[in-house]
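Participant: Going down the list, the protein sequences come from chains A and B.
For the first sequence, numbering that gives the first Met the number 0 begins at 0 and goes up steadily by one.
For the second sequence, numbering that gives the first Met the number 0 begins at 0 and goes up steadily by one.
After the structure tokens below, expect a handful of questions from me.
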Amino acid sequence: MTAHEITAGDVGVTPVDLRQSKRRLGEGLIRLSLALCALVSVLTTVGIVASLLEPALEFFAEVNPVDFFTGTNWAPLFEPASFGVVPLIAATFVVTFWALLVAIPCGLGTAIFLSEFASPRARDALKPALELLAGIPTVVYGYFALTAVTPLLRDIGIQVEIFNALSGGLVIGVMLIPTVASLSEDAMSAVPQALRDGSYGLGADRLQTSLRVVVPAALSGIIASFVLAVSRAVGETMIVLIAVGQLPALDVDPRATMETLTAFIGATGNGDVPTGTTEYKTIFAVGLTLFVLTLVMNVISIRLVRKFREEYE
Amino acid sequence: MSRQWKSRLFVGTMVLSLAVSFGTLGWLLVTTLIHGLPGISWRLFTAPPSTVPEEAGARPAILATVYIAVLLLAMCVPVGVATAIYLEEYARKERWYNRVLEVNIQNLAAVPAIVYGILGLAFIVRGIGVGRVLFAGALILTLVVLPTVIIASREAIRAVPDSIRQGGLALGATKWQMIWRQVLPASIPGIATGSILALSRAVGETAPLLLIGALQYVAFDPTLFGAFTALPVQIYTWVKLPDPAFQTLAAAAIIVLLVIVLGMNALAIFVRNRYRQRW
Numbered sequence: 000m001t002a003h004e005i006t007a008g009d010v011g012v013t014p015v016d017l018r019q020s021k022r023r024l025g026e027g028l029i030r031l032s033l034a035l036c037a038l039v040s041v042l043t044t045v046g047i048v049a050s051l052l053e054p055a056l057e058f059f060a061e062v063n064p065v066d067f068f069t070g071t072n073w074a075p076l077f078e079p080a081s082f083g084v085v086p087l088i089a090a091t092f093v094v095t096f097w098a099l100l101v102a103i104p105c106g107l108g109t110a111i112f113l114s115e116f117a118s119p120r121a122r123d124a125l126k127p128a129l130e131l132l133a134g135i136p137t138v139v140y141g142y143f144a145l146t147a148v149t150p151l152l153r154d155i156g157i158q159v160e161i162f163n164a165l166s167g168g169l170v171i172g173v174m175l176i177p178t179v180a181s182l183s184e185d186a187m188s189a190v191p192q193a194l195r196d197g198s199y200g201l202g203a204d205r206l207q208t209s210l211r212v213v214v215p216a217a218l219s220g221i222i223a224s225f226v227l228a229v230s231r232a233v234g235e236t237m238i239v240l241i242a243v244g245q246l247p248a249l250d251v252d253p254r255a256t257m258e259t260l261t262a263f264i265g266a267t268g269n270g271d272v273p274t275g276t277t278e279y280k281t282i283f284a285v286g287l288t289l290f291v292l293t294l295v296m297n298v299i300s301i302r303l304v305r306k307f308r309e310e311y312e
Numbered sequence: 000m001s002r003q004w005k006s007r008l009f010v011g012t013m014v015l016s017l018a019v020s021f022g023t024l025g026w027l028l029v030t031t032l033i034h035g036l037p038g039i040s041w042r043l044f045t046a047p048p049s050t051v052p053e054e055a056g057a058r059p060a061i062l063a064t065v066y067i068a069v070l071l072l073a074m075c076v077p078v079g080v081a082t083a084i085y086l087e088e089y090a091r092k093e094r095w096y097n098r099v100l101e102v103n104i105q106n107l108a109a110v111p112a113i114v115y116g117i118l119g120l121a122f123i124v125r126g127i128g129v130g131r132v133l134f135a136g137a138l139i140l141t142l143v144v145l146p147t148v149i150i151a152s153r154e155a156i157r158a159v160p161d162s163i164r165q166g167g168l169a170l171g172a173t174k175w176q177m178i179w180r181q182v183l184p185a186s187i188p189g190i191a192t193g194s195i196l197a198l199s200r201a202v203g204e205t206a207p208l209l210l211i212g213a214l215q216y217v218a219f220d221p222t223l224f225g226a227f228t229a230l231p232v233q234i235y236t237w238v239k240l241p242d243p244a245f246q247t248l249a250a251a252a253i254i255v256l257l258v259i260v261l262g263m264n265a266l267a268i269f270v271r272n273r274y275r276q277r278w
């Protein structure tokens, strides 16, 4: 039956008033169940905060927070125990520093190339290949750092320990190149073409346009990618657990064995530490420290991206 | 220095930074193959782990990883897509709780995976939940990659032009009919790509599983509510052992893991390129 054979008037149906179309029960139920699914992520956050906070607060009732955050001796499993978290934080930042030394220049270079220099075909081929780099599991990178990078460093005359911050940091850096590159590239691609055209019109070449117009214009997005890279490096666990070691010592020499915040959690959380003891609660205190550190950086990064979006989109 | 030479130098620097990425990728793949190929044998897929490297395999770990991937597909994708639909099609941006939800998801996406492990540990220790079992592992990994699935699905749904929605509604579809029959089918390639990438990330994830006790000797095939170990955790266990024979096994297991993970990545890229729609 097609539309012109029969009309509403022929069968005595009055036209439906769409303004009065009432809410259907099923539609409301669907909306409700979708909202419930969305609630899962809110509950996840609540769960994370609650599960960290309670044991951490109990921990800080037993260990003075000032001693915790200023103490330079980390020996929670020894007798007498000492809970100075500074060596773990220092080690985390040493590893992060070396990671950024690789990730920022290479990531930014890759992003400028993809956004400003590469042909569309080259871009279509290179971007998935970069994603492959981001897709390799961290346990594999850890193995690679331990069995390939550390021996190479020794071969070229850098006297590193078997477990050392340098090889772990460098490998984390390579892992983060795609993160920096893809976020920065997004930011640079969003810079209006008119800005580039204006620059070319004033006689600038591609290099000058990239460095003096596009990069400054996309700066907040680029910095957001750096901040996210810091947060990722700080939170990375398996690479440091395998390649950097588990020896808490306050040292900035990257050739030495260290223990980062994440490595402590990973090494202690699966051990046989009896639950309810102070030693057990350190996992949560260190976890809370890590969570707050990364949260601050994530918030900064999200703000920067939003600022950038407001400017151009 | 002339402009031209500066320009060449700069292009050279950029190519160098690309070379760092791809050089490392190639180096990683080649060394893993060289170390691991001698360890690849049927035993790896059929035998349980053992203290004797000549008898050790990764059958329970490989099976557990497959189970986890299936569970993730069943739990993470529906919840993630539903959240994305809610945020894109239903949520009013001016309501504070929707903004909180949005910021919350962005933050969760960047929370280190090991923190999710602590969440799991806290629940297990308190006796809430199911204990140190495979299902708990899948549940934690679901939470780890849920934000990624949500963000990817949102982008896919947002890419569907509004004219499609208006057209559906104009023809008398209810809102849900419009979403189910027009918007979702149009955004499936994007959702599939994002979900496969997220799943492949979860399959290679190790740290959260350590905390909920996947680091154990499991000599039998895993069950849903039984003790388990997963392939990445098995690799970690072997990497830590000093005997070089176990290093070979670790490298062999890494090859298996890479085949799974990079295979999923390739599938995601294929889906995106094959089914991508340009509006």
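Virtual Cβ for every residue (Gly too), placed ideally from N, Cα, C.
If you're wondering where the values come from, they're calculated on a predicted model, not measured in any experiment.
1. Return helix, strand or coil for serine 81 of chain A, following the three-state DSSP convention.
2. Do we get a CB-CB distance below 9 Å when we pair arginine 122 of chain A with the residues of chain B?
3. For serine 6 of chain B, which three-state DSSP category applies?
4. Can you confirm whether phenylalanine 58 of chain A, when its beta carbon is compared against all beta carbons of chain B, has any partner nearer than 9 Å?
5. Identify the residues that DSSP records as bridge partners of leucine 73 of chain A: which are they?
6. Would you call the CB atoms of isoleucine 113 of chain B and leucine 289 of chain A closer than 9 Å?
7. Where does leucine 300 of chain A fall in DSSP's three states?
8. I need the straight-line Cα distance from alanine 218 of chain B to glutamine 233 of chain B, nearest angstrom please.
9. Would you list, in sequence order, the uninterrupted alpha helix (DSSP H) runs of no fewer than 4 residues that lie entirely inside the region 52-84 of chain B?
10. Would you mind working out which of A:Met296, A:Ala203, A:Leu76 and A:Val251 sits nearest glutamine 3 of chain B, comparing C-alpha positions?
11. Kindly list, in the order they appear in chain B, the residues whose Cβ is closer than 8 Å to that of methionine 257 of chain A.
12. Just to confirm, are phenylalanine 224 of chain B and valine 132 of chain B a CB contact at a threshold of 9 Å?
13. Do you know how far the Cα of glycine 171 of chain B is from the Cα of methionine 0 of chain A?
14. Which whole-angstrom value describes the C-beta separation of asparagine 163 of chain A and threonine 276 of chain A, a residue pair presumed to lie in contact below a C-beta threshold of 8 Å?
15. Where alanine 2 of chain A and isoleucine 190 of chain B are concerned, what is the direct C-alpha to C-alpha distance, given to the nearest angstrom?
16. Give me the chain A residues within the contact set of threonine 147 of chain B, using Cβ-Cβ distance strictly less than 9 Å, ordered along the chain.
17. 9 Å is my cut-off, CB to CB: does threonine 109 of chain A come that close to chain B?
18. Please state the DSSP three-state secondary structure of tyrosine 216 of chain B.
19. At a CB distance below 9 Å, what residues from the region 47-64 of chain B approach chain A? Give them in sequence order.
20. Check this for me: beta carbons of methionine 174 of chain A and isoleucine 221 of chain A, under 9 Å apart or not?
21. Can you pull the chain B neighbours of proline 127 of chain A, defined as C-beta to C-beta under 7 Å?
22. Which residue from B:Leu257, B:Pro207, B:Pro231 and B:Val258 puts its Cα closest to that of leucine 120 of chain B?
23. Using C-beta distances below 8 Å, list every residue in its chain close to leucine 257 of chain B, excluding the 5 sequence neighbours before and after it, in chain order.
24. Expressed to the nearest angstrom, what Euclidean distance is found between the alpha-carbon atoms of isoleucine 171 of chain A and valine 243 of chain A?
25. Write down the C-beta distance between leucine 165 of chain A and leucine 24 of chain B rounded to the nearest angstrom, noting that I regard them as a contact closer than 8 Å.
26. Which chain A residues sit within Cβ distance under 7 Å of glutamine 105 of chain B?
27. I need the straight-line Cα distance from leucine 100 of chain B to threonine 147 of chain B, nearest angstrom please.
28. Is the Cβ of lysine 92 of chain B closer than 9 Å to any Cβ of chain A?
29. Considering only residues of the same chain and omitting the five flanking positions on each side of threonine 12 of chain B, which have a CB-CB separation below 7 Å?
30. What number of angstroms, rounded off, separates the C-alpha of arginine 91 of chain B from the C-alpha of arginine 98 of chain B?
31. Buried or exposed for glutamine 246 of chain B, please, with buried defined as at least 16 other CB atoms from any protein chain shown within 10 angstroms of its CB.
32. Going along the chain, which residues of the region 198-222 of chain A sit with their C-beta nearer than 9 Å to a C-beta in chain E?
33. Can you give the beta carbon distance from valine 212 of chain A to threonine 293 of chain A, rounded, assuming they're within the 8 Å contact cut?
34. Looking at C-beta atoms only, is the number of pairs between the region 134-149 of chain B and the region 45-52 of chain B that lie closer than 8 Å three or more?
35. Where do the N-terminal and C-terminal ends of the alpha helix (DSSP H) with isoleucine 268 of chain B fall, by residue?
36. Would you mind reading off the limits of the alpha helix (DSSP H) that contains leucine 230 of chain B?
Facilitator: The structure says:
1. strand
2. no
3. helix
4. no
5. Strictly speaking, residue 73 of chain A in this sequence is tryptophan, with leucine absent from that position. Tryptophan 73 of chain A pairs with A:Phe82.
6. yes
7. Looking at the sequence itself, residue 300 of chain A is serine, so the reference to leucine does not match. Note: serine 300 of chain A maps to helix in three-state DSSP.
8. 12 Å
9. 58-84
10. A:Ala203
11. Ordered by position in chain B, no residue passes the 8 Å Cβ test against methionine 257 of chain A, which lies about 17 Å from the chain.
12. yes
13. Note that methionine 0 of chain A scores a pLDDT of 43, beneath 50, so its modelled location is shaky and nothing firm can be said.
14. Rounded, the Cβ-Cβ distance is 31 Å, inconsistent with contact.
15. The pLDDT assigned to alanine 2 of chain A is 47, lower than 50, so where the model puts this residue is not dependable; a value taken from the coordinates is nonetheless given after this. Their Cα atoms are separated by approximately 37 Å.
16. Going along chain A, no residue has its Cβ under 9 Å from threonine 147 of chain B, so there is no contact; the nearest lies around 11 Å.
17. yes
18. coil
19. none
20. no
21. Ile268
22. B:Pro207
23. Leu28 and Thr31
24. 11 Å
25. Actually they are not in contact, since the Cβ atoms of leucine 165 of chain A and leucine 24 of chain B sit about 20 Å apart, beyond 8 Å.
26. Ile301
27. 14 Å
28. no
29. none
30. 9 Å
31. buried
32. In summary, chain E is missing from the structure at hand, where the protein chains are A and B.
33. Incorrect: roughly 33 Å between the Cβ atoms, too far for contact.
34. no
35. 243-274
36. 230-239
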